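Step one of this worksheet: look at the structure below.
Protein chains: 2
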Amino acid sequence: MSRVLIVEDDRQLLRALSINLRARQYDVDAAPDGTSALAVAGRRPPDLVILDLGLPDMTGVDVVHGLRGWCTAPIIVLSARDTQGDKVAALDAGADDYVTKPFGMDELLARIRAALRRASPGDSAPVIRTDAFTIDLATKRVTNPDGDVRLTPTEWHVLEILVRHPGKLIPQKQLLQEVWGPGYESETNYLRVYMAQLRRKLEPDPSRPRHLLTEPGMGYRFTT
Amino acid sequence: MSRVLIVEDDRQLLRALSINLRARQYDVDAAPDGTSALAVAGRRPPDLVILDLGLPDMTGVDVVHGLRGWCTAPIIVLSARDTQGDKVAALDAGADDYVTKPFGMDELLARIRAALRRASPGDSAPVIRTDAFTIDLATKRVTNPDGDVRLTPTEWHVLEILVRHPGKLIPQKQLLQEVWGPGYESETNYLRVYMAQLRRKLEPDPSRPRHLLTEPGMGYRFTT
DNA sequence: CTGGCGCGTTAGGAAGGCGTCAAGATGGCC
DNA sequence: GGCCATCTTGACGCCTTCCTAACGCGCCAG
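Residue numbers (my numbering), protein chains in the order written: chain A, -16 to 207; chain B, -16 to 207.
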């Protein structure tokens, strides 16, 4: 989980940002002005900083300088001002990106992802663990205590759909449609065969599955 | 001096960018479409890419993917479209920044400086070792206990994509598209031939590969 | 009690992917 | 023009994967 420091004096915007970031599993710190921003950053070093330029106590460029002295985390500047001079000044001071208000939340989130991706290459690992096996969605790898588990493409496809929604019940129709395509919604046979194969490869006791569960008459469910 | 690749089909804009960048001592390459962009990038690896989304032959997102397969240089996207969806798609594909046309030259130059500043210090040690061979991505050299290994350009291209993502499963489609270009996604023959050649040159026991692995029906994987 | 239904399990044949080899193309270089 | 390295292309055998059908079991309703 990445820690994000939000430096913003507008309470309402701060609230909106915090909620959105927390919903995406970021660890959020907040500071209402430049002085406390530097203090918080020192106490809890952030992985990324979102910095509003219109602060009450000091200019945004000063904050950037203050941070850049010791901190290499990416800085994304927010500002209502849209003049080139402001942007150039902030970027050359050490900021990494400059977003003009009003901005779309989706865009800001994408820029945050891009900045974090560049800063820490390959640490964001969507990996799911159970006590019996581990699934790495990025590298498409499944391991159990004995080592790597070889899955066929169809087996992987079924497993991936289940694992992407942990704990959620997936209807048979949805699985069949996503893996075999529309028109196969009634071939529940296929599902039984492949669920059996997955359980044989992954469950410690395939006849008593603990992670790949059947909900009779409804569908299947993956549980950690 | 940093090398910048400009991918832009608008002659006039290309000219303006080139002049401005050359005046700032950048080494400028240019490509008018996605296909030649990938070709030029392969021949003369850029330190930064400026990519217009409105290309005649392929979508900007495809170009980003094609570059990201083996190239870690920052990518700044230019686009006339200002919708959030476009920005999010480009950034999540691997772009580092998104600038909407019309833009100010000073701002773009500042964003270029910011991108290069972030990219340069963490130049990351581009050398991968296994117990059977060593790969130096910077000098494009491969050595095994017997000395240097001679690879053909295509062999190298395939190997580089795999090695840039250690442990990750690369789908055949992606390899084919990035090495042979779009339109070759179904020529899985090529892959089999070249994987065999790479294994014969690199693996101690080519018939039982330990580093260049096949995941049947899905793709290939490089493991240290 | 009995038949139907859904689920798990197994096995075998068909289809297609994979590794391998070798024979043309292709293009650069002398 | 001829030589060489490299890239394409086709053919073959082997092996994996997928589909399909059959059977057994447990559950529930009739």
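Heads up, the beta-carbon is just placed ideally off N, CA and C, and yes, glycines get one too.
This structure is a prediction, so every number in the text was calculated from the model and none was measured.
Under a three-way DSSP split, which group does residue i fall into?
i: B:PRO154; result: strand
i: A:LEU(-12); result: strand
i: A:GLU170; result: coil
i: A:GLU240; result: Beyond the ends of chain A as shown, which are -16 and 207, falls residue 240 of chain A; an answer cannot be given.
i: A:LEU34; result: strand
i: B:GLY130; result: strand
i: B:ARG(-2); result: helix
i: B:THR18; result: helix
i: A:ASP45; result: helix
i: B:ASP12; result: strand
i: A:ARG124; result: strand
i: A:ARG7; result: coil
i: A:GLY52; result: coil
i: B:ILE27; result: The sequence shown places Arg at residue 27 of chain B, not Ile. Here B:ARG27 sits in coil by DSSP.
Return no unless some Cβ of chain B is closer than 8 Å to the Cβ of residue i.
i: A:THR207; result: no
i: A:GLN67; result: yes
i: A:GLY164; result: no
i: A:GLU161; result: no
i: A:ARG94; result: yes
i: A:GLY52; result: no
i: A:GLY87; result: yes
i: A:LEU196; result: no
i: A:VAL71; result: yes
i: A:ARG101; result: yes
i: A:GLU90; result: yes
i: A:THR117; result: no
i: A:TYR109; result: Note on residue identity: the sequence assigns Pro, not Tyr, to residue 109 of chain A. Cβ-Cβ to chain B under 8 Å: no for A:PRO109.
i: A:THR42; result: no
i: A:THR135; result: yes
i: A:ALA56; result: no
i: A:ALA294; result: Residue 294 of chain A falls outside the range modelled here, since chain A spans only -16 to 207, and no answer is possible.
i: A:ALA179; result: no
i: A:ALA121; result: yes
Which stretch, first to last residue, makes up the beta strand (DSSP E) that contains residue i?
i: B:ASP80; result: 80 to 83
i: B:TYR203; result: 202 to 205
i: A:ARG112; result: 110 to 112
i: B:SER190; result: Unbroken run through B:SER190: none, as it is neither H nor E.
i: A:LEU229; result: Residue 229 of chain A lies beyond the residue range present for chain A, which begins at -16 and ends at 207; the question has no answer from this structure.
i: A:THR137; result: Looking at the DSSP string, A:THR137 is not in any beta strand (DSSP E); the run it does join, the alpha helix (DSSP H), is 136 to 146.
Check the Cβ-Cβ distances between residue i and every residue of chain A, and say whether any is below 8 Å.
i: B:ARG200; result: Sequence inspection shows Gly at residue 200 of chain B; the Arg mentioned does not correspond to that position. Answer yes: the Cβ-Cβ gap between B:GLY200 and chain A drops below 8 Å somewhere.
i: B:GLY49; result: no
i: B:LEU152; result: yes
i: B:ARG191; result: no
i: B:ARG27; result: no
i: B:ARG124; result: no
i: B:ASP80; result: yes
i: B:LEU74; result: yes
i: B:ALA63; result: no
i: B:ALA97; result: yes
Go to residue i, then tell me how far its alpha helix (DSSP H) extends in each direction, as first and last residue.
i: A:ALA76; result: 67 to 76
i: B:GLY164; result: From DSSP, B:GLY164 is part of no alpha helix (DSSP H); its letter is neither H nor E.
i: A:ASP119; result: That residue, A:ASP119, is in no alpha helix (DSSP H); its beta strand (DSSP E) goes 117 to 119.
i: A:ASP40; result: No alpha helix (DSSP H) contains A:ASP40, which DSSP labels as neither H nor E.
i: B:ARG101; result: 88 to 102
Is residue i near the ligand MG, with its Cβ less than 7 Å from a heavy atom?
i: A:ASP69; result: Absence of the ligand MG from the depicted structure is noted, as is the absence of any ligand whatsoever, leaving it without description.
_Assess contact between the stretch 80 to 100 of chain B and the stretch 45 to 52 of chain B, defined as three or more Cβ pairs (one per stretch) separated by less than 8 Å. Is contact present?_
no
_Segment contact, 8 Å Cβ cut-off, at least three pairs: the stretch -3 to 10 of chain A with the stretch 36 to 44 of chain A_ = no
*Taking contact to mean at least 3 C-beta pairs separated by less than 8 Å, is the stretch 173 to 193 of chain A in contact with the stretch 124 to 137 of chain A?*
Here the stretch 173 to 193 of chain A makes contact with the stretch 124 to 137 of chain A; the two share three or more CB pairs at distances below 8 Å.
*Using 8 Å as the Cβ pair cut-off and three pairs as the minimum, do the stretch 64 to 76 of chain B and the stretch 42 to 49 of chain B touch?*
yes
*Is the number of C-beta pairs between the stretch 12 to 21 of chain A and the stretch 55 to 66 of chain A that are closer than 8 Å three or more?*
no
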